[in-house]
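Participant: One structure follows; several queries about it will come next.
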């Protein structure tokens, strides 16, 4: 059975109304789509700029000023009073206008049914869009690197130096270290270009203070130039030294004072080492004057005489010894000169009296007064025949030794004072014992002075250190109490073991020589006692042939003398009580008798008369180490 549907009028009316509404809505939406075609939806802005209803070209025009500003607004970095400007457009930052316009136009155009909602909401809900930015960080980093490369710098100490070759003052400006913080600078730049408006920053950089100021360097350079402009004269009494600019340049140094950067001072200085090097080569010794030690003077002729050949006693004799005070010397001193030159050159003074160091004598007046001799400790005189060549040698040596000073603890030596007695020093050839025979050598005869000195020391009671008796006994000398000389081995030495200085004085006449020791007595008396000669030994005779004599003729070249042994005892009676005894044993060898016999057949002059023993005593007795 068929169903029958019945529609009421009311229902039919509602359907018609609904259909009408749909039609109206569709017509409205179509109209809205038509009206908004090719234009930005209402209530749409870009970074706050209203672009509602605008076409793409209008949006582009509307945003152009903003885009220009964003791409050109400077980002400034300040450093050391200079600005370094980054222009965004030139450093990898731009606005993508097309993309920005597309974004604005894309609102409500992403597809149905969402677009319907978006477009309807656009009438009452605004939308603000961002500019589409393009940032190339690498380009910005490159700009920062270029900036940093130009600003980064190492610390330079700077200062003033002198070219000694050209005598020229050179300066090097000082600067502090700069290290730009590149990573931080890049980050600041990126953030700045992405924000609207100009920006300014202090450039991130690690810096140090300039160690030495430009003013300090300039002032010091001017001072050094003035110092080297002209020669400098130094005087000291009659000595003068001119230092040329080149000399001054070689001595000048510039030193830093202080450690705080920016407060370091430069100072012109002259160092002792440079002074020694420069002035030493120019002759610093011209300023030196050696000190004069205190000295004693006494009569060369003692207040008493003594020439005992055998047993005898000598007691000290009061004597007058005058004292000449010491004088201070002076010497060039590099430290004093360096300090003075520093002052002169800083102040620009071109002439001055040189400061010198005082040099004290090694024997000052006070010490000399304390050690001044008061007595003749010992004196002795030996004799010779007037007019002999050997006498000149004895007298010359006496003059050389006269005035010798022996301080307590020091040793006296004839050889050390006189040196080798050569003909060049004025000594004459005279007889000397060489290998048991008399021959002439320079300085022959001076052993007599050795004997005289030995006896003076013997009776002075001082310490006898070195002496040696002659090989042969010579009658003019005290037996067993004599000494020979031969440089450098055979010497007469004694040590001053008294409490005062010993002054050695000598005197000579045409027939004698005297040696006296002035000092402070350690003994009240000194005695010598001799034994009789013992162990006699006969001399031998040596015969030599000579064609200078006719056969049957002969002559004596050297007389013979027997040898023997003798002992001498020295007794020193000490001032503080007690005695010192010393025994000296001397053995004299026989003196060979030498005869020459003639071998010639033709007539010859008669032989000379034979020399007697006394004439042998006129010969010299120096016996060398052979």
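Residue numbers (the working numbering): 65 to 690.
By construction, the Cβ of each residue, glycine as well, lies at the ideal position given by its N, Cα and C atoms.
As the structure is a computational prediction, the values presented were derived from the model and not from experiment.
Out of 662, 217 and 148, which has the shortest C-alpha to C-alpha gap to residue 613?
Facilitator: Along the chain shown, one-based indexing puts residue 613 at 549. Minimum Cα distance to residue 613 is reached at 662.
Participant: When the Cα atoms are used, what is the spatial distance from residue 374 to residue 548?
Facilitator: As a first step, residue 374 must be located in the chain shown, where it is residue number 310. As a first step, residue 548 must be located in the chain shown, where it is residue number 484. Approximately 19 Å between the Cα atoms of the pair.
Participant: For residue 303, I'd like the list of residues in its chain whose CB is within less than 7 Å of its CB, leaving aside the five on either flank, ordered along the chain.
Facilitator: As a first step, residue 303 must be located in the chain shown, where it is residue number 239. These residues qualify, in order along the chain: 350 and 351.
Participant: Which value, in whole angstroms, describes the spacing of the CA atoms of residue 137 and residue 187?
Facilitator: As a first step, residue 137 is located in the chain shown; it is residue number 73 there, counting from the start. As a first step, residue 187 is located in the chain shown; it is residue number 123 there, counting from the start. Each residue's alpha carbon lies about 35 Å from the other.
Participant: Give the straight-line distance between the Cα atoms of residue 481 and residue 297, rounded to the nearest whole angstrom.
Facilitator: Position 417 of the chain shown, counted from the first residue, corresponds to residue 481. Position 233 of the chain shown, counted from the first residue, corresponds to residue 297. Going by the C-alpha atoms only, they are around 42 Å apart.
Participant: Go ahead and pull the three-state DSSP assignment for residue 276.
Facilitator: Here residue 276 is taken as the residue at index 212 of the chain shown, counted from 1. Correct three-state label for residue 276: coil.
Participant: What are the uninterrupted segments assigned as alpha helix (DSSP H) that are 4 or more residues long and contained completely in the segment 379 to 461, given in chain order?
Facilitator: 398 to 411 and 429 to 434
Participant: Who are the near neighbours of residue 464 in its chain, counting only those whose CB is closer than 6 Å to its CB and skipping five residues on each side?
Facilitator: What you label residue 464 is simply residue 400 of the chain shown in a count that begins at 1. 482, listed in sequence order.
Participant: By how many angstroms is the C-alpha of residue 478 removed from the C-alpha of residue 558?
Facilitator: For the purposes of this step, residue 558 is taken as residue 494 along the chain shown, with counting starting at 1. For the purposes of this step, residue 478 is taken as residue 414 along the chain shown, with counting starting at 1. For residue 558 and residue 478, the distance between alpha carbons rounds to 10 Å.
Participant: Using the Cβ count rule (16 or more neighbours within 10 Å means buried), how would you classify residue 580?
Facilitator: On the chain shown, residue 580 is found 516 positions in, with the first residue counted as 1. Under this definition residue 580 is a buried residue.
Participant: Is residue 281 closer than 8 Å to residue 223 when the C-beta atoms are compared?
Facilitator: By 1-based counting over the chain shown, the position of residue 223 is 159. By 1-based counting over the chain shown, the position of residue 281 is 217. Closer than 8 Å, so yes.
Participant: Are the CB atoms of residue 664 and residue 615 nearer to each other than 8 Å?
Facilitator: Your numbering for residue 664 matches position 600 in the chain shown. Your numbering for residue 615 matches position 551 in the chain shown. Taking 8 Å as the Cβ cut-off, residue 664 and residue 615 qualify as a contacting pair.
Participant: What is the residue span of the alpha helix (DSSP H) that residue 134 lies within?
Facilitator: Taking the chain shown and counting its residues from 1, one reaches residue 134 at position 70. Residue 134 -> alpha helix (DSSP H) spans 120 to 136.
Participant: For residue 696, collect the residues of the same chain with a Cβ closer than 6 Å to its Cβ; drop the 5 residues on either side in sequence, then sort them by chain order.
Facilitator: Not covered by the structure: residue 696. The range shown for the chain is 65 to 690.
Participant: Taking its Cβ as the centre, do 16 or more other Cβ atoms sit within 10 Å of residue 238, making it buried, or is it exposed?
Facilitator: Here the question's residue 238 lines up with position 174 in the chain shown. Under this definition residue 238 is a buried residue.
Participant: If you draw a straight line from the alpha carbon of residue 132 to that of residue 103, how long is it in whole angstroms?
Facilitator: Counted from its first residue, the chain shown places residue 132 at position 68. Counted from its first residue, the chain shown places residue 103 at position 39. Distance between the alpha carbons of residue 132 and residue 103: 23 Å.
Participant: Hey, quick one: how far does the beta strand (DSSP E) through residue 600 stretch, first residue to last?
Facilitator: Here residue 600 refers to the residue found at position 536 when the chain shown is read from its first residue. Residues 598 to 601.
Participant: Which residue's Cα is closest to the Cα of residue 255: 305, 226, 242 and 197?
Facilitator: What you label residue 255 is simply residue 191 of the chain shown in a count that begins at 1. Measuring from the Cα of residue 255, the nearest candidate turns out to be 197.
Participant: Taking the alpha carbon of residue 348 as the point to measure from, which residue in 356, 355, 330 and 394 has its own alpha carbon closest?
Facilitator: The sequence position of residue 348 within the chain shown is 284, counting from 1. Closest by alpha carbon: 394.
Participant: Under the three-state reduction of DSSP, which class applies to residue 336: helix, strand or coil?
Facilitator: Here the question's residue 336 lines up with position 272 in the chain shown. Residue 336: helix per DSSP, three-state reduction.
Participant: Anyone know if the C-beta pair for residue 448 and residue 455 falls short of 8 Å?
Facilitator: Numbered from 1 along the chain shown, position 384 holds the residue referred to as residue 448. Numbered from 1 along the chain shown, position 391 holds the residue referred to as residue 455. Yes, the Cβ-Cβ distance between residue 448 and residue 455 is below 8 Å.
Participant: Decide if residue 321 is buried, meaning its Cβ has at least 16 other Cβ atoms within 10 Å, or exposed.
Facilitator: The residue labelled residue 321 in the question sits at position 257 within the chain shown. By the beta-carbon neighbour count (other beta carbons within 10 angstroms, threshold 16), residue 321 is exposed.
Participant: For residue 659, I'd like the list of residues in its chain whose CB is within less than 6 Å of its CB, leaving aside the five on either flank, ordered along the chain.
Facilitator: On the chain shown, residue 659 is found 595 positions in, with the first residue counted as 1. If we look at residue 659 and ignore the five residues flanking it on each side, its Cβ neighbours are 607, 618 and 620.
Participant: Do you know offhand how far residue 569's Cα is from residue 624's?
Facilitator: By 1-based counting over the chain shown, the position of residue 569 is 505. By 1-based counting over the chain shown, the position of residue 624 is 560. C-alpha separation (whole angstroms): 36 Å.
Participant: Which partner residues of residue 370 appear in the DSSP bridge assignment?
Facilitator: If you number the chain shown from 1, residue 370 lands on position 306. Partner(s): none; residue 370 has no beta bridge.
Participant: Are at least three pairs of beta-carbons, each pair with one atom in the segment 393 to 411 and one in the segment 559 to 578, less than 8 Å apart?
Facilitator: no
Participant: Extract the residue ranges of the alpha helix (DSSP H) inside the segment 591 to 634, only unbroken runs of 4 or more that lie entirely within it.
Facilitator: None, since the segment 591 to 634 contains no complete alpha helix (DSSP H) of that length.
Participant: Quick check: the Cα distance between residue 473 and residue 526, rounded to an integer number of angstroms?
Facilitator: For this step, residue 473 is matched to residue 409 along the chain shown. For this step, residue 526 is matched to residue 462 along the chain shown. If I take the Cα positions, the gap works out to 11 Å.
Participant: Quick check: the Cα distance between residue 100 and residue 203, rounded to an integer number of angstroms?
Facilitator: Residue mapping note: residue 100 aligns to position 36 of the chain shown, counting from 1. Residue mapping note: residue 203 aligns to position 139 of the chain shown, counting from 1. In this prediction, residue 100 has a pLDDT of 48, which is less than 50 and means its spatial position is unreliable; what the coordinates show is noted afterwards. Straight-line Cα distance between these residues: approximately 41 Å.
Participant: Name the DSSP bridge partner or partners of residue 579?
Facilitator: Position 515 of the chain shown, counting from 1, holds the residue named residue 579. Note: residue 579 sits in a beta bridge opposite 444 and 570.
Participant: Roughly how many angstroms lie between the CA atoms of residue 654 and residue 629, to the nearest whole one?
Facilitator: Counted from its first residue, the chain shown places residue 654 at position 590. Counted from its first residue, the chain shown places residue 629 at position 565. Each residue's Cα considered, the two are about 11 Å apart.
Participant: Can you give me the C-alpha to C-alpha distance between residue 155 and residue 242, rounded to a whole angstrom?
Facilitator: For this step, residue 155 is matched to residue 91 along the chain shown. For this step, residue 242 is matched to residue 178 along the chain shown. C-alpha separation (whole angstroms): 24 Å.
Participant: Taking one C-beta from the segment 273 to 292 and one from the segment 227 to 238 each time, how about it: are there three or more such pairs within less than 8 Å?
Facilitator: yes
Participant: Tell me, to the nearest whole angstrom, how far the beta carbon of residue 444 is from that of residue 371; I am working on the premise that it is less than 8 Å.
Facilitator: To locate residue 444, count along the chain shown from 1; it is residue 380. To locate residue 371, count along the chain shown from 1; it is residue 307. About 7 Å; that satisfies the 8 Å criterion.
Participant: What are the boundary residues of the alpha helix (DSSP H) that includes residue 659?
Facilitator: The count along the chain shown starts at 1 and reaches residue 659 at position 595. Looking at the DSSP string, residue 659 is not in any alpha helix (DSSP H); the run it does join, the beta strand (DSSP E), is 657 to 664.
Participant: For residue 264, which of helix, strand or coil comes out of DSSP?
Facilitator: As a working mapping, residue 264 is identified with position 200 in the chain shown. Three-state result, residue 264: strand.
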